[in-house]
Amino acid sequence: MKTEAGNIKFALGIAFFPVLLMNGLYYMMPFDAVNVYEYLGGNELMSYQLLNIFTGGAVLPLIALLAGYMLNHYRDYGIPNLAKILLSVLAIGVLQAIFIFAFDFLAGLALMALAGVLFLKTKWYIPLISAVVLSGFHMIVNVLPSFFESIGSPRDKVYSAVQTVNEYTSIYTSSDYFAMISQNIEIFSHNITGGMYASVFTVLPWILLGIALGKLNIARLLRMNHILAVALFITLAGGGLALKMIQVVMVGTYSGTLIAENFGGPVLALGYFILLVFAWDVIPGRAGDLFIPLGESSLTMYILSNIILIFVFYGVGFRAYGEVSIATMAGLMLVLYIVLLITAILLKKFKISGIESLFTNNSDKLEKK
């Protein structure tokens with residue numbers, strides 16, 4: 013029997029792959045400090061553009077939507093219990109950012125989800141209106157002024173931060189693990205206030221929208237009207253991809269990136285969310301069940317993936333940082349995804365618990381709802 017809990021785990025299992033692709037860009041090169049249109053060229057640039065069209069600016073909103081949808085499903089677990097879980101995830105995210113991956117999104121996501129739990133006992137329109145207000149404020153105050161300021165001006169060109177690129181490359185390709193930790197701390201702590209401010213407008217609205225869609229029982233609506241589901245997906249995904257193409261046309265510009273990341277990416281993420289919710293209803297049961305173990309143990313597998321990736325890309329391991337192509341990175345992420353998928357299935361088969369078991373001891377009754 014297909015359940016909402018199964019739908020959430022299926023969606024998390026599928027969404028794990030684009031998360032790997034998003035993180036892979038930061039693992040393979042100083043992505044945070046370069047203009048890829050300068051850094052890459054030829055077929056390599058084409059590979060990046062293809063990857064970026066389908067994932068850039070869309071992965072984090074998609075995960076935030078799923079987080080909000082999941083929070084709403086487990087609302088009867090109690091706000092105090094959910095807050096304890098999220099505080100634990102926040103701590104794990106901070107530790108990961110310091111000791112493994114400085115660009116990890118987990119801490120910011122957990123922090124915004126803590127704000128989201130305050131909306132779990134409200135009517136559906138409260139989180140929906142709040143999401144629209146936060147997102148609209150962000151567009152009006154932060155995005156559009158910067159867009160009109162930059163377009164057509166000399167400052168519209170994005171330049172690589174050469175000193176930062178050299179610093180990242182020298183540290184992450186060395187075997188000095190303590191230097192890497194020091195660099196991770198510097199990156200993580202560099203602009204905590206600014207990062208939190210940005211998350212309020214780029215992550216929290218999508219968590220709130222996920223909560224609202226859960227309250228509206230979007231899965232039931234799509235189940236009752238398959239034509240509506242397909243139409244919504246085509247409209248949202250098509251619109252998002254069209255907006256993402258602006259970044260390709262406006263090569264290497266700040267204004268093009270603003271439009272693609274802040275308009276195209278979130279719209280595309282909403283299209284992906286509709287697809288994942290709808291797919292669970294129409295996909296054969298056994299096919300969908302393959303992804304459930306990965307969704308159930310997604311936190312454990314995510315931590316494991318980061319541990320594996322630092323040994324693949326950084327100097328403490330095989331030192332692939334700055335040495336592999338986009339296509340090779342994507343291939344590695346696919347192989348890693350399959351390995352993690354099989355690992356999750358085996359863990360479930362042999363009843364080996366992951367970190368998630370610390371949070372789900374009292375949630376069996378909720379799973380039956």
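Residue numbers for the sequence shown, in the working numbering: 13 to 381.
Glycine included, C-beta positions come from ideal geometry on N, C-alpha and C.
Option nearest residue i by Cα separation, candidates the options
i: M236; options: Y171, F362, K14, D293; result: D293
i: K133; options: G90, L121, G277, Y171; result: G90
i: T185; options: F362, Y39, K363; result: Y39
i: L121; options: L311, F362, A356; result: L311
i: V212; options: F159, V48, I315, G148; result: G148
i: T15; options: I304, Y333, W218, Y137; result: I304
i: L2; options: L52, I286, F115; result: Residue 2 cannot be examined here, being either before or after the span of the chain that is shown, 13 to 381.
i: P217; options: N274, G206, M34; result: N274
i: M257; options: I152, F43, G68; result: G68
i: D44; options: L94, D116, Y81; result: D116
i: P73; options: I104, A114, N93, A143; result: A143
i: I183; options: L228, G327, I141, A272; result: G327
i: F290; options: L253, R298, F245, Y81; result: F245
i: K361; options: D301, Y284, V242; result: D301
i: L348; options: I364, I367, I315; result: I315
Buried or exposed (CB count within 10 angstroms, at least 16 for buried), residue i
i: D188; result: exposed
i: G343; result: exposed
i: L358; result: exposed
i: M208; result: exposed
i: D376; result: For D376, the predicted structure reports a pLDDT of 46, less than 50, and the residue's modelled location is therefore unreliable. A value from the coordinates is still provided. Exposed, because fewer than 16 other Cβ atoms sit within 10 Å of the Cβ of D376.
i: N84; result: buried
i: T269; result: buried
i: E308; result: buried
i: V71; result: buried
i: L255; result: buried
i: N178; result: exposed
i: S317; result: buried
i: Y333; result: buried
i: I20; result: buried
i: A103; result: exposed
i: L140; result: buried
i: N196; result: buried
i: G18; result: buried
Strand pairing of residue i, partner residues [DSSP]
i: T247; result: The partner list for T247 (beta bridge, DSSP) is empty, contrary to what the question assumes.
i: K169; result: T265
Residues of its chain near residue i, where Cβ-Cβ distance is below 7 Å and the 5 sequence neighbours each way are ignored
i: E56; result: S337, I338
i: L378; result: Residue confidence is low: L378 scores 45 on pLDDT, short of 50, so the model does not pin down where it sits. Its coordinate-derived value is still stated next. Only Y86, D88, Y89 meet the Cβ criterion.
i: L306; result: G25, F28, M313, L352, L353, A356
i: N154; result: F213
i: D168; result: S162, T265, Y266, S267
i: L130; result: none
i: M82; result: I20
6 Å Cβ shell around residue i - same chain, five flanking residues per side excluded
i: L321; result: Y39
i: K381; result: Interpretation of K381 is limited by its pLDDT of 44, a score under 50 that renders its predicted location unreliable; the figure taken from the coordinates is listed afterwards. Once the five neighbours on either side are set aside, K381 has no close Cβ partner at all.
i: H150; result: F213
i: M124; result: S211, V215, L216, I219
i: L228; result: W136
i: P30; result: T67, V71
Nonlocal neighbours in the same chain, by C-beta distance under 8 Å from residue i, ignoring five residues either side
i: F323; result: G329, F330
i: Y49; result: L57, V170, V263, G264
i: I97; result: F371
Any non-hydrogen atom of the ligand NAP closer than 8 Å to residue i Cβ
i: P92; result: Ligands are entirely absent from the displayed structure, and the ligand NAP is therefore not among its contents.
### Query
Looking at C-beta atoms only, is the number of pairs between the segment 270 to 283 and the segment 244 to 252 that lie closer than 8 Å three or more?
yes
### Message
Quick check: the segment 104 to 113 against the segment 60 to 68, are at least 3 beta-carbon pairs closer than 8 Å?
### Response
no
### Query
Within the chosen definition, does the segment 223 to 237 reach the segment 158 to 174 through at least 3 CB pairs nearer than 8 Å?
no
### Message
Under 8 Å: do the segment 150 to 169 and the segment 224 to 231 share three or more Cβ pairs, one atom per stretch?
### Response
no
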